[in-house]
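Report on the following structure.
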Amino acid sequence: MWLMWKKWWPIVLAVLVIGIVGRSYYVMHAQAQDIKHAWVEVMKQYGQRSALVSDLSNVVKTYAGPEEDILFKLSDIQSRAVRMNLNLEEAANPAKLKRFQEVQGELSGILTQMTLISDHYPLLAESLDYQRLTTRLEEAENRINQARNNYIQAVRTYNATLRRFPQSMTAKLFGQYVRANFSIENEREISNAQRVQF
0 MWLMWKKWWP IVLAVLVIGI VGRSYYVMHA QAQDIKHAWV EVMKQYGQRS ALVSDLSNVV
60 KTYAGPEEDI LFKLSDIQSR AVRMNLNLEE AANPAKLKRF QEVQGELSGI LTQMTLISDH
120 YPLLAESLDY QRLTTRLEEA ENRINQARNN YIQAVRTYNA TLRRFPQSMT AKLFGQYVRA
180 NFSIENEREI SNAQRVQF
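Residue numbers (numbering that gives the first Met the number 0): 0 to 197.
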């Protein structure tokens, strides 16, 4: 019996190791796909908001032409936000992700300022186009918050998996790394401050 075990134990051990590595890789790959899908959704929601911002800007110009300062700021920040279209690999870079969040936060802030304009221009506040766009922008902000929260959770799950044994060994073997995530400060902003109220 011992001779039989002695003969087969390297094969049994190899099969176990391959099974563990394979399972670990499968889990990491599935979670990486979750991150990818969550990030695509984040970018999609920002893109939809960007289209609404352009429409809102045109409506505000029609009714509140003298507010060129805010409209210029909005145009500038929106163009920076559109140019800062991060792909998934760039989102893994903490500095780029932080800068992306800052620009998106600036855009949310200027949108809040634009809503205050309607207090000074009753015709703007009564405009059906303005009301429709502000409602759609509020919905877009809510979808952005949900998409970002989904991304945060996907990255947390992935990073936790990479830090556990045996996945940590498999991650090193296949060159996987811990991904950057929104910081705690940004997470609080995401949950609270960046909601645009119209």
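Note that the Cβ used here is the ideal one computed from N, Cα and C, for glycine as well.
A quick note: this is a predicted structure, and the numbers were derived from the prediction, not measured.
Query, Result
"Considering only their Cβ atoms, is the gap separating residue 106 from residue 55 smaller than 8 Å?", "no"
"Got a sec? Which residues, its chain only, sit under 8 Å from residue 116 by beta carbon, not counting five neighbours each side?", "59, 63, 66, 69, 123"
"Return the CA-CA distance between residue 176 and residue 48, expressed in angstroms with no decimal places.", "31 Å"
"Considering just the uninterrupted stretch of the alpha helix (DSSP H) at residue 81, what are its terminal residues?", "67–82"
"DSSP state of residue 36, grouped into three classes?", "helix"
"Are the Cβ atoms of residue 157 and residue 37 separated by less than 8 Å?", "no"
"Quick one: give me the first and last residue of the alpha helix (DSSP H) that residue 177 is part of.", "It is not in any alpha helix (DSSP H) - residue 177 carries neither H nor E in the DSSP assignment."
"Should the segment 162–175 be regarded as contacting the segment 138–148, the criterion being three or more beta carbon pairs within less than 8 Å?", "no"
"Is it the case that the Cβ atoms of residue 30 and residue 111 are separated by a distance below 8 Å?", "no"
"Would residue 72 and residue 19 qualify as a contact pair, given that the criterion is a beta-carbon distance under 8 Å?", "no"
"Which first and last residues belong to the alpha helix (DSSP H) in which residue 172 is found?", "166–173"
"Would you report the Cα separation of residue 136 and residue 26, rounded to the nearest angstrom?", "37 Å"
"To the nearest angstrom, how far is it from the Cα of residue 80 to the Cα of residue 102?", "6 Å"
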